[in-house]
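Residue numbers (our numbering), protein chains in the order written: chain W, 1 to 988; chain V, 1 to 475; chain D, 1 to 173. We treat Cβ as the ideally placed atom computed from N, Cα and C, and that holds for glycine. Predicted model only: the values in this text are computed from it and were never measured. Some notes on the structure that comes next.
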Amino acid sequence: MPPLGSKLPIYGQDNAAGRPGADGQRRWRSLEELESRRLPAPEFPEGAAEPPEGVSRRSFLQVLGASMALASLEACRPPRHKILPYVRPPEKPLLPGTAVHYATALSLGGHATGLLVTSFDGRPTKVEGNPDHPSSQGGVGSFELASLLDLYDPRRAKGFKKAHDPISHRSLMRELAALAASHQPDGGARLRFLTGATGSPILQDLRRRIQARYPKARFHAYESLAQDQAYQGARLAFGRPMEARHHLSGARVILALDSDFLQHGPEALRLAREFAAHREPGLELNRLYVAEAQLSITGASADHRFRVKPSEVLGFARAVAARLASQHGLAQLAPLGGQTRLARQAQVVADDLARTRGRSLVLAGPRQPAAVHALAHALNAALGNAGQTVDYAPPLRDVAAGPESLRELAADLAAGKVDTLVVTAHDPVYSAPADVDLGAALGKAPTTVYLAYRDDETAPYASWVLAASHPFETWGDARAHDGTVSIVQPLIQPLFESISELELLAGFVDLGDAGAHRLLHEYWRGRSAGGDFEREWEGWLGKGVLPGTATPAEKVSLDVAGIAAAVKAAPPPSQGIEVSFVPDYKALDGRFAENAWLQELPEPITKITWDNAAYLSAATAKELGVENGSRVELRLGGRAVEGATWIVPGHADGVVTLPLGYGRRRAGPVGTGVGFDAGRLRTSQAPWFAAGLAVAPLGRRKHDFALTQEHFSMEGRDIVLAFDVKAWKPEKIEHVKGPVATIQTPVDYQHEQYKWGMAIDLAKCIGCGACTTACQAENNIPVVGKEQVLRSREMHWLRVDRYFEGSPEDPQVLAQPMMCQHCETAPCEYVCPVNATVHSDEGLNEMIYNRCVGTRYCSNNCPYKVRRFNYLDYRGHLSPTEKMAMNPDVTVRTRGVMEKCTYCVQRIERGRIQSRLEGRVMKDGEFTSACAQACPANAIVFGNLNDPRSLVSKAHQDERRYDVLHELGTRPRTAYLVRIRNPNPELT
Amino acid sequence: MSGVIRRVAVEAKDLELLEGTPVLAGRPGDRQLTEDLFQPVWARTRRGWLALFGICAALTGVLFTAIGYTFAVGVGAWGNNIPVAWAFGIINFVWWIGIGHAGTLISAILLLFQQRWRTSINRFAEAMTLFAVMQAGLFPILHLGRPWFAWWLFPYPSTLGIWPQFKSALMWDVFAVSTYFTVSFLFWYVGLLPDLAALRDASKSRAARIAYGIFSLGWRGSAAHWRHWRIAYLLLAGLATPLVLSVHTIVSFDFAISQVPGWHTTIFPPYFVAGAIFSGFAMVLSLMIPARKAFHFEHVITQHHIDNMTKVLLATGLMVSYGYLCEHFMAWYSGNPYEYFVFFNTRLRGPYAPVYWLMLFCNVVVPHVFWWKKARSNMAVVWVAALLVNVGMWTERFNIIVTSLHRDFLPSSWANYKPTIVDWSIYVGTLGFFGFLFLLFLRFVPSVAASEVKELRRELEHEAHAREHAPAQGR
Amino acid sequence: MAYLLAEFKDDQALLAAARRLRELGHHRLDAHSPYPVHGIDEALGLRKSRIPLIALVGGVAGAVGGYVMQWWMNGVDFVINVGNRLPHSPPTNIPITFETGVLLASLSIVLGLFALCGFPRTYHPVFEVEAFRTASVDALWLSAEVSGAEEEPVTRELHQLGALQVSLAEEAR
């Protein structure tokens, strides 16, 4: 056994040899021999102690390759057409065992998020944000991250069925051509399309060509989370639908009117980043006011949160307008003024907004009616924010994607006006409003062609069911919120026989067999400025965005009178219990219900997994005679669903919030029957909130909610430290930093070259949980299911703890990402009898799985309880397809071993290999941990503490830095920066 | 048998003036003694024994079924979770080890202190130790995530080139428990040799003679044998005594060296040892009282023995109570918020508070009944009290392990623990397995050390003789 | 070689007989009793047992071995950073050192006992005498190892010393 530190030769220690590369090689070989003499291949520890040229990884890949071949028809054959990796293609794009990043994009509701997808040997294994993409800027959310799991879902729809008989791709195309031709004579009068909202240029172009061929055919767009009220609001304010584009970088005072802008909507990732960037003292802090009913992620990050019913939001906004008009000389707002029960708060907010004219911002949430959006536009205009913190551009996607157009379609179908309906929208039968019986209507059309990703609620009603390709399997393009275009390039040939929306629609203009790539390529060639298109094209693919395609902002003129009329016409706040529907943080509108990662992701506020609940306030619960887990019947306008209640601190009184997307009937083995379907109460008149909800408790039996955190009080312990910026002084945290007195003289193990550490800025963290999903994807973390979560055996290496402070009515919410702290004097290590968890010479607390016998003593002695144990075989039953999702750099753990955060040691080693090949030292920011990389708020930094210029070193020097459970003397390598709030003195 | 009882009645008087409450009732001849004490071994199998044996065998079956299931699906078959990563497994381990200790103490320490009343109960107690340690030994292996690698805890030259980590209290456990079992076994077996020889010589059937002949290794009771045997036996006793203390001290280190609030306490070693003796004597009593009745050993296991053991119970019970007191005082006095929370919030009012209060009742309140001679001489009372103490000591371990773990430093990770059916079957199963072994012992091995009783009888005679002559000289 | 076995009625008689025979120059004597008889060692002139010495050696060897094992394994052969503690930290080695000491001491005691008493030896000529079976139950026996010539005088001597019965035990053929 060589002495400490020489287990791995470190670069630059003795470069006297002059030829570091060769030198390194030589040393590696000798080490390899030494290693192989000591450790036979099967017991080879993964990652850290492994030579870059390691035999074991090769063979591991071969085995894996074999299983992939088994997986399905030529599972990981690279796409036929040339796709280009991010920035610069390596000489051999498919070097075995090396990761390649490809830029692509994923669209939700017609809005694209630019992604970089890591691909191993033609297998996409990890999703990351594209720093060059305006909507991502490098950050990524749980939905994008988890979409990878959908790709490998073995229960996806496969192949094509016509009237339940499977047909081949060729005959499908023939049949489609025939079908298309049959509608030619009457100009497509009896042809309808039901699509999702799309911003894809090529799809829109295809629609135009289809319209040209079938002048009488009609396209209906439907999104259950449609933005159409926002567009109507803009129409009210500006006379035409416009898209508001917000910029928080310049905003000092932000008023969110029932807007969860940090988590939902096309701008969420970017806004989260811009918002977090101004939460550190020193810089000019921004201040966030939120008026909302349910406690949202945005509300949890607010400096002041006003608990209002959704129907009261308008009143609050009007009160703000009134104050601005009366006190701050914004006379044009006068006709918009009104009353609210929160008069004082409204005044204070108004004063604050007025103080920061041109540097403030009012956002209205898509759940709010047009009047509120219009009013928000008016306020921004009056405050001079328009053009500063918000600008407007004409929308480049379907404007009417709400229930209205769906209703018209249903009517036509019912009236028998439709022969052929082509459905490419996502599972409309499930997500349609309760008052539109789309299922029955579909039955009326002789031919219904459904492009289905899964055999879902809509599939049984369709006569043709065509398996849809995953976005990572197909060519296409997409538009970001600001209009920037990205080319969607496939990472892998379709795992199962399937086609994309593009290919399907092309079938109606006799281009069915052209193939998506040719269509796309020709479309963009047609639009290129000329010159060398191929080079331009490759540039687009490499970068992931088409430069200069963002739509420029347009001047708008405000129609105050129109707004005033709309505002006055708006209904008054409701009495009694109000129901409020919200998109779910995990299932969204149900399209992610079958995704196990998201099902097990703890709901950011309540920490509930594998369920949705009827959220309400303690007062309302008392009034209704329900408690946590009470089973209730929710009745609204003659419709009823059964659900279970959960009391949320800070929830508005007199409101019951119902997250959408659960109670799926045909989601699949994961999502079917999980939670209840709030959509059954949702009508096209009141898609977001409505008065007159009746809640009737059902019996004594309680519903079991599987929570990952059951205790929300900090018991007065110094765990999450938060200060108001005025009260903040570094002296206040002296007791949780610096050395701790000890009788044991700590050994001075020197950490050559690299000393890894992490810092988490609690002032920036919004608690969204993207880091948890990123960690799960990166580290092959198993999903354990509801029963095991109920036994508190969830496996997440990184959890986001949530604490509440202050009154249960109006609590301060504190989020804290918690993972292995890599203590320098780790309590877990000295209690392990078999040396299965020890320290690396770069300060990592390493877990050696193949040495672990599972005494679990380490977990008992870990004060942070961040260790996870494989109580059962959570990995035994993986289908070959699911195995393909595994990150080959990370061991898949067996039953009976302990596991925990490794600081993404596999990424460190990748970086080390690269740096060694280039004979240099790893630079800061060259790589980072999966959580840090995903974090939309940039709250997590990871790096080398030996490098004084690294971000993490600076963070560790920060005056706000402290250690959790510092008094135990564990000397954690993960530092936390205290949370800073910026409340308005007039309200505190 | 009834003859013996009668003799007790007849000679009760003159015995009183010999040695107060008798440690050996009556003056049976050596042959008589041999017959009485070996009676259970020779007598035809009794129906009662068979019935008990059947029950215990069934429970043993349950035990091994549960173990098989655990190995098949993984330790997840138990209720353990994160944060409560240790539960029934370790509770039962500590409980059984503790029970074992009384046996060694009775035979070893009392031998060193020349306590006569030890003679007739030590064999009994040693056997109990042995079988208790066997139960305890199961759990450290069962509770592992990968029990098939349990041998990695022994220092052998592994292909990984790595050795066990001797700073871990679990390693200390490995050595302590294996040493303890070995020494207890040797001590018991060496003590058994003369009686095995006696059995060989006194048995009627040839098979028995051959069998006991083999196990007695050719003991001929020669002066040379006795010379080595006495010193060997004494030395083993001398070694066993500190060993007992060390074993439970080390078991307590499993908790004391960690930093879990409620574990991280310096009082643990003495308080665990006291607890061990406490539960051990309780177990001896709860086993011996029925056995004594069934086999009519009243003349060798007399009121005197019961009385002394109950006094030991009282004393150790008070030590344990002091341990609790000290823990709580330190939790308050140290000003450590985490300790304070565990002792004054979680245990008193937490979800497991009933277990805590039951513990206080059984371990702190119940022993005080032994202040009264009436209670000490009422077998029913003693027996029930002993059983309660056993329950109490089990709940104590539950409190230390589960209650401390489920509310530690970060409230976010707090979670409750619920044992599964497998947990319970394994626990009850070990009780059955213990009884199974113990019944075999009662059936095939003399449960009272005949040779030592004979020696004791000789000594008493000499004393009696001396007293009779003392006054004559005085005149 | 044969043994003369003589039963005596109590330990006094046994001790007296033993002394007398030794005065007469018989040294290959032994006594058999169901329990240790006081004073028999002197009477037969047996030296103190060497078992304590054996135990001491075993114990010391065990303790030293135990400590060295821990020091070498964790402090020398495979040094590794465990929770920033000293690779070789004496306090943590105490428990195992003690245990190994006790273990080896006890083992050497028992093995020593076996060696000195010649265990296991399930056959011995004296077992040939049926009456001798009482030796482990309730009777005290004196055994004298005699050659053919001595047999007759010693028998007479034993009878004079008040032996209840005397019989000759010989290797079974």
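Here's the rule: buried if 16 or more other CB atoms are within 10 angstroms of the residue's CB, otherwise exposed. What is residue i?
i, result
"residue 548 (chain W)", "exposed"
"residue 345 (chain V)", "exposed"
"residue 988 (chain W)", "exposed"
"residue 329 (chain V)", "exposed"
"residue 205 (chain V)", "exposed"
Helix, strand or coil for residue i, going by three-state DSSP, please let me know.
i, result
"residue 766 (chain W)", "coil"
"residue 213 (chain V)", "helix"
"residue 132 (chain D)", "helix"
"residue 373 (chain W)", "helix"
"residue 246 (chain D)", "Absent from the structure is residue 246 (chain D), since the part of chain D shown begins at 1 and ends at 173."
"residue 423 (chain W)", "strand"
"residue 408 (chain W)", "helix"
"residue 165 (chain V)", "coil"
"residue 33 (chain W)", "Confidence at residue 33 (chain W) is low in this model, with a pLDDT of 40, below 50, so the placement of that residue should be treated as unreliable; the coordinate-derived value is given next. The answer is helix: DSSP assigns residue 33 (chain W) an H, G or I state."
"residue 287 (chain V)", "helix"
"residue 44 (chain V)", "coil"
"residue 674 (chain W)", "coil"
"residue 972 (chain W)", "coil"
"residue 380 (chain W)", "helix"
"residue 944 (chain W)", "strand"
"residue 150 (chain W)", "helix"
Tell whether a beta-carbon distance below 7 Å holds between residue i and residue j.
i, j, result
"residue 541 (chain W)", "residue 487 (chain W)", "yes"
"residue 281 (chain W)", "residue 978 (chain W)", "no"
"residue 892 (chain W)", "residue 875 (chain W)", "yes"
"residue 656 (chain W)", "residue 681 (chain W)", "no"
"residue 743 (chain W)", "residue 817 (chain W)", "no"
"residue 404 (chain V)", "residue 312 (chain V)", "no"
"residue 927 (chain W)", "residue 911 (chain W)", "yes"
"residue 239 (chain V)", "residue 61 (chain D)", "no"
"residue 741 (chain W)", "residue 83 (chain D)", "no"
"residue 272 (chain W)", "residue 288 (chain W)", "no"
**Message:** Could you tell me which whole alpha helix (DSSP H) segments of length 4 or greater appear in the stretch 196 to 242 of chain W?
**Reply:** 201 to 213, 228 to 238
**Message:** Short of 8 Å Cβ to Cβ, which residues in the stretch 92 to 118 of chain D face chain V?
**Reply:** 92, 93, 95, 96, 98, 99, 100, 102, 103, 105, 106, 107, 109, 110, 112, 113, 114, 116, 117, 118
**Message:** If the cut-off is 8 Å on Cβ atoms, which residues from the stretch 55 to 84 of chain D count as contacting chain W, listed in chain order?
**Reply:** 77, 78, 79, 80, 81, 82, 83, 84
**Prompt:** Considering only residues of the stretch 283 to 308 of chain W, which uninterrupted beta strand (DSSP E) runs meet the minimum length of 3 residues and lie entirely inside it, listed in chain order?
**Reply:** 287 to 292, 304 to 307
**Prompt:** If contact means a Cβ-Cβ distance below 9 Å, which residues of the stretch 109 to 130 of chain V contact chain D?
**Reply:** none
**Item:** Under 8 Å (Cβ pairs) to chain W, residues found in the stretch 160 to 176 of chain V
**Value:** 160, 161, 162, 163, 164, 165, 167, 168, 169, 170, 171, 174
**Prompt:** Name the residues in the stretch 800 to 834 of chain W whose C-beta lies less than 9 Å from a C-beta of chain D; which are they?
**Reply:** 823, 824, 825, 826, 827, 828, 829, 830, 831, 832
**Message:** Closer than 9 Å between beta carbons: that is the criterion. Which residues of the stretch 895 to 919 of chain W meet it against chain V?
**Reply:** 895, 896, 897, 898
**Asked** Which runs of the beta strand (DSSP E), 3 residues or longer, sit entirely within the stretch 598 to 624 of chain W?
**Response** Listed in chain order, they are 614 to 616.
**Against chain V: residues of the stretch 119 to 136 of chain D by CB proximity under 9 Å** = 119, 120, 121, 122, 123, 124, 126, 127, 132, 133, 134, 135, 136
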